[in-house]
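Going by the numbering used here, the first residue of the sequence shown is number 1, and it counts up by one from there.
Below is one structure, written out as structure tokens; comments come after it.
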Amino acid sequence: MNRSIFFALIAVSLNAKVYYSKIEPYEIRSISSNVSAQVVFTDEKKLGKLLDADDYIKLDDELDLVELKQLKEKTVLLNDTVKLDEEIVKNYRNILEKKNVNYDRIKVLKIKSTVEKDKEFYDLYTTQNQYLSTKKELDSLKMQLLDTSLQIARLNKSVKDKHLNAKNFVLYDLMVKEGQVVSPGTPLAKVADVSKAILTVFLDEKDVKGIESKKIYIDGQKTNYKISRLWNITDETHISSYKAQIIVKTPHRFSKLVQIEFKDE
């Protein structure tokens with residue numbers, strides 16, 4: 001190799017700026033309560049461990065479950081009543097059709113007195129009012145069913161919100177104790193997504209140019225990683241630098257400080 005080219009490559013390598021970053025979980029989520037309730041269970045043994053499908057926090061849902069059971073029973077009764085009223089409405093409709101036909105035939109007959117015609121008329125409209133009244137009751141029952149369905153949906157959500165689980169996340173922090181009463185917005189826990197990891201660096205403008213074509217070295221080892229996110233606005237804390245993030249594989253241990261370099265091919 002030409003000596004001038006060799007020394008030029010060394011110079012480029014030496015001029016590559018070294019950055020440092022901690023390997024952090026891909027995401028840390030802050031979990032807050034959606035409901036008002038008492039904390040009945042917290043699993044402190046799971047702190048720092050990978051969670052399964054079981055609850056790590058449980059809030060009191062006893063009254064919700066009682067009300068939910070009653071509403072489901074009410075729904076069954078309402079549906080039964082709706083079926084009965086639908087049958088009654090159907091019967092009244094059939095009766096009305098026949099009475100309308102009879103009245104239309106009788107009202108033109110000269111052999112029928114006015115009293116007889118009026119009697120048929122009143123009978124017809126009495127049946128029609130009964131039909132309309134039953135239909136109104138049926139509509140009211142259907143509205144009750146809709147309201148009950150909404151209440152059940154709300155209670156199901158309330159029960160779900162009182163059972164906190166986060167399968168395949170690590171329980172990073174617990175912020176409540178058993179017996180504590182919480183309200184909507186109360187911080188409950190923090191969980192971490194450790195399915196992958198992330199490195200955050202603040203790049204000089206010089207390194208930002210052509211960053212997509214540069215190779216990333218971590219602790220001196222060449223990698224196939226690329227910049228995953230790059231902010232085109234300088235950081236509010238590091239005012240002359242641009243925030244960049246690199247998504248990497250999950251390490252054996254998080255929070256390790258690593259050295260990062262960006263070099264031309």
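Even glycine gets a Cβ: it sits at the ideal position worked out from N, Cα and C.
Distance from the Cα of Arg253 is smallest, within the candidate group Ser195, Asn34 and Tyr242, for Ser195.
For Thr42, the uninterrupted beta strand (DSSP E) run begins and ends at Ala37 to Thr42, by DSSP.
Counted as a single uninterrupted DSSP element, the alpha helix (DSSP H) harbouring Leu141 occupies residues Thr114 to Asp161. Using a Cβ distance threshold of 9 Å, Val40 and Glu178 count as a contacting pair. Restricting attention to Leu174, Asp193, Leu164 and Val201, the CA atom closest to the CA of Asp61 is found in Leu164. The criterion of a C-beta distance shorter than 9 Å is not satisfied by Leu188 and Val181.
Residue nearest to Ser36 within the set Ile246, Asp161 and Ser213 is Asp161 (criterion: CA-CA distance). In the three-state scheme derived from DSSP, where H, G and I count as helix and E and B as strand, Glu24 is classed as strand. Judged by DSSP secondary structure, Lys214 falls outside any beta strand (DSSP E); it is assigned neither H nor E. Setting aside the 5 residues that flank it on each side, Ile28 is surrounded in the same chain by Tyr172, Lys190 and Ala192, each with a C-beta closer than 7 Å to its C-beta; the list follows chain order. In this structure, the CA atom of Trp231 is about 10 Å from the CA atom of Phe202.
The Cβ atoms of Lys226 and Glu212 sit closer than 9 Å to each other. Looking at Val159, Leu50, Tyr56 and Glu87, the one whose alpha-carbon comes closest to that of Asp43 is Tyr56. A straight line joining the alpha-carbon of Asp264 with that of Asp207 spans about 10 Å. DSSP places Leu203 in the uninterrupted beta strand (DSSP E) bounded by Pro187 to Leu203. Bounds of the alpha helix (DSSP H) holding Asp80 are Glu62 to Ile106.
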